[in-house]
Structure formats: structure tokens, C-alpha cells
Amino acid sequence: MTIQSNNNVVGTHQLPDLVCLSHLRWNFVFQRPQHLLSRFARERRVFFYEEPIFGQNSRPRLHVTRSPEGVWVAVPHLPEGLDAERLVALQQEMLDELLLEHAVRHYVSWYYTPMALPFTRHLQPRAVAYDCMDELSAFRGAPPALLRYEIELLQRAHVVFTGGQSLYEAKRDRHHSVHAFPSSVDVAHFATARGTLREPPDQASIPHPRLGFFGVVDERMDLALLEAVAEARPDWQLVIIGPVVKIDPAALPRRPNLHFLGGKLYTELPAYLASWDVALLPFARNESTRFISPTKTPEYLAAGKPVVSTSIRDVVRPYGELGLVRIADTPEDFVRACEAALAEDRAAWLPRVDEYLAEMSWDNTWSGMKALLDAASMRREVGERPESAATPVDMATI
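Note that the numbering used here gives residue 330 to position 289 of the sequence shown, counting from 1, and the numbers run on in steps of one.
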């Protein structure tokens, strides 16, 4: 087994390093983990350890690169057909070699997936954080062992974050330190869509009105609703941006006014949004969407676009209740809501949007999470050295 790295070892920092265990790919969709960990990387070393990529006759190796944001991204490459015991052993060996090569001695562990526990139980971090951004057990293809490992992770974690209010309500009685941190927004980035941006070539020929969605296209999208809207209003153009995951692309509805443009870079999204007339959240209402808190809701609003969503709880509360997003579920109601959105008086609506978004930023979200993580790490450090005459710390001031 080898570790392939394209950079030299970076020197140690005063703050503990952060070792993240993730089920998501760093280079997949720029979302919550990327926003948060990029900010951590400005002050400390961050290592992002992904799930393995399996290949036929692939020799075990760990491919390590450094992202433009300064995050060390480690991707295990493993042969297919490994039994569970060998799979755990190889991942543990790769992770240990990564930490040894980069002289990672003082660190905190940051989990996005409980499925990393079998090969990380031996670690001795200063603190453990579990950023529960989704109810993964409700997703299609979720491993049967996930719920069992989550119970163990909640026992090991010193602080737990949730990606939305509904998820917080589901987890708050399962741990002594659970905190709701709904995903935030880079207002300045998406506000550029309110200006004049160059039209992306693959969207330029699509007529108006344009109703758009960006995000992952998977079992959470209500494809029947999407098709019904396209059929009811053939003069509307529905633009869908994002990778198709866990569903057969052949199952996507095909109509002349439905345009699936594939995945785009985070930096490209404002240019697509700029010429949309309405932004959509056509989520199915099922177990996989019960606890989601779509990041794209405030992103659409920051772009100045009227939004129509199905009745996802974390969209209804607060966006629907505040009159910032229209909520509809049936195809007939969804079409009517889109018609109202197209006729929106934005001069009266946008100031209310901007007032709400003024308190939101990834910097604020990260700062709050960092304070709780650092406090947990400090408590652990003081607790492990009872001989020290440490001054009591008021955690509310950290």
C-alpha cells in the first residue's frame, strides 16, 4: 500500500488539526462540508478522508491532494471484493499512515458519517464532533448498520451539530450537547445573479420563462411533479442543473421544455440563476426528505429569485411562514404558485428577503460551531490534566 501526495508535509499549528471522516466527495458538490472546512483550513490543518473508490484489480493506495481551499483530501483506492474485516483493516492502516506522514498528533475528529467508526475507534482525538447534516439512514441504499453505528457515534461525540431544525428536534434527546446549525449562504456570491452576467452557452438558447433548480438529482426529487408541471405549462422552460445520483438517468422525464444540463461548478451557479424567472424546490415528500434543510433556499433568495417549494418542514419554517417562499404540493397548486411567483412584485418582496438574509452567513455558522468545538476540546484538555490549576471557563463567552 502506498500514499500518493502532491505536497510536502506542512508544519504544526497551535490549534489542533481537524480530521474529517466523510461519505461525500470533496470535489462532488460544493456544499455544507466545503463551506465549513474551508474556513477551518484558514486557521489549522484540515484532513478530509473520503469513502473508498473500488476498482477491479486495483492495488490499495491512498491518493492525497491539497484543494485550492487548503484542505488535504485523502481518497482510498481499494480492490473490489474485500471482506468486511479486510476493508476495515486497510482503511485504518491508510488513515494511520496519513496521520503519521503529516505528523498529526493533536487533532479533533469531525464526522459526517457514522460508517467511519469501524476504522477510527482507535483514534485518540482531543474532541469528537458529529455534524449530522442529513438523516442518512433514510436515504436509498443506506447500509443496515448505519443506525447502530450512529448510536455509538453519539456516545463518543462531545458535541453534535444538525443541519436543520427538524433534524435537531429528532436528535436533541439523544445527546447532551446537540446544536441546530441550519446551512447558511454566501450572500455576496449569489447576489451577483441580480446583476448582468454572461449567459452560459448551454442555457442561452432556452426561451423564457425559465423555472430552474440546482442540486443533486436523486430520489429526493419529485420527478412526477416536475413532469406534471412541464406538461401543464408547455410554454414554461424547466432548467435542471446537477448530477444524477442513485437513480437511473433513463427514469428522468423527457419533454421538450425539460432541460437537464448536468452538474456545474459552484462558481458557475450565479450565471445560471441570473436569467431564471423562478427558482424551484420540487422535493418529494418521503422519508429521505423528512429532515432535509435545503441550502439552496437562501441561495435562491440571495440571487433575488422568487421561490416555489413543496412542503418541506425546514422550508415551511421559517421561509414559508414569513412569506418569503411559496409552498405547494399538488401539480395544480404548484403551477398556481409558480404563476404567482412569475407575477411577484419584487420591489416590495426583496427588502424583506434582504432583511432576513442579513443575519445569515457561513462565517457566522462556522464561528458558532468552532466555538462549541474549541470549548469541548478545552474541557477535555483540562479534564485530562487534573493537576493543573486552570481557571474556570465561562463557555458562554468563548
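The beta carbon of each residue, even a glycine, is placed where N, CA and C say it ideally should be.
The secondary-structure analysis by DSSP pairs residue 161 with nothing; it has no beta-bridge partner.
Contact between the segment 57-68 and the segment 148-160 is present: three or more C-beta pairs spanning the two stretches fall below 8 Å. DSSP, read as helix, strand or coil, puts residue 220 in strand. Here residue 273 is exposed. Its C-beta has fewer than 16 other C-beta atoms within 10 Å.
Bounds of any alpha helix (DSSP H) do not take in residue 277, whose DSSP letter is neither H nor E. Taking C-beta atoms as the reference points, residue 311 and residue 231 count as a pair closer than 9 Å. Counting C-beta pairs closer than 8 Å gives three or more between the segment 220-227 and the segment 196-210, which meets the contact rule. The alpha-carbon separation between residue 298 and residue 334 amounts to approximately 28 Å.
In summary, residue 225 is buried, with 16 or more beta-carbon neighbours lying within 10 Å of its beta-carbon over all protein chains present. Following the DSSP letters along the chain, one finds residue 104 inside the beta strand (DSSP E) bounded by residues 102-107. Taken through DSSP and simplified to helix, strand or coil, residue 376 comes out as helix. Pairwise C-beta distances place the segment 245-262 out of contact with the segment 355-372, as fewer than three of them are shorter than 8 Å. Take residue 160, set aside five residues on each side of it, and the residues of its chain with a beta-carbon closer than 7 Å to its own are 129, 132, 133, 136, in chain order.
Annotated as proximal: residue 267 and residue 281, with beta-carbon spacing under 9 Å. As the crow flies, the alpha-carbon of residue 412 is around 30 Å from that of residue 306. In the DSSP assignment, residue 300 forms a beta bridge with 280.
Where residue 79 is concerned, the enclosing alpha helix (DSSP H) starts and stops at 73-81.
Positions of the beta strand (DSSP E) runs, each at least 3 residues long and wholly inside the segment 107-134, are given as 113-120 in order along the chain. Residue 308 carries a helical assignment under DSSP once its states are collapsed to helix, strand and coil. In the DSSP secondary-structure assignment, residue 87 is bridged to 59. In the three-state DSSP reduction, residue 317 falls in the coil class, being neither helix nor strand.
Spatial neighbours of residue 286 in its own chain (CB-CB distance under 8 Å, excluding positions within 5 residues in sequence) are listed in chain order as 257, 258, 259. Taking the Cβ atoms as the reference, residue 174 lies roughly 5 Å from residue 73, within the contact range of under 8 Å. In this structure, residue 353 places its C-beta atom within 9 Å of the C-beta atom of residue 324. Minimum Cα-Cα distance from residue 122 among the listed residues 331, 96, 316 corresponds to 96.
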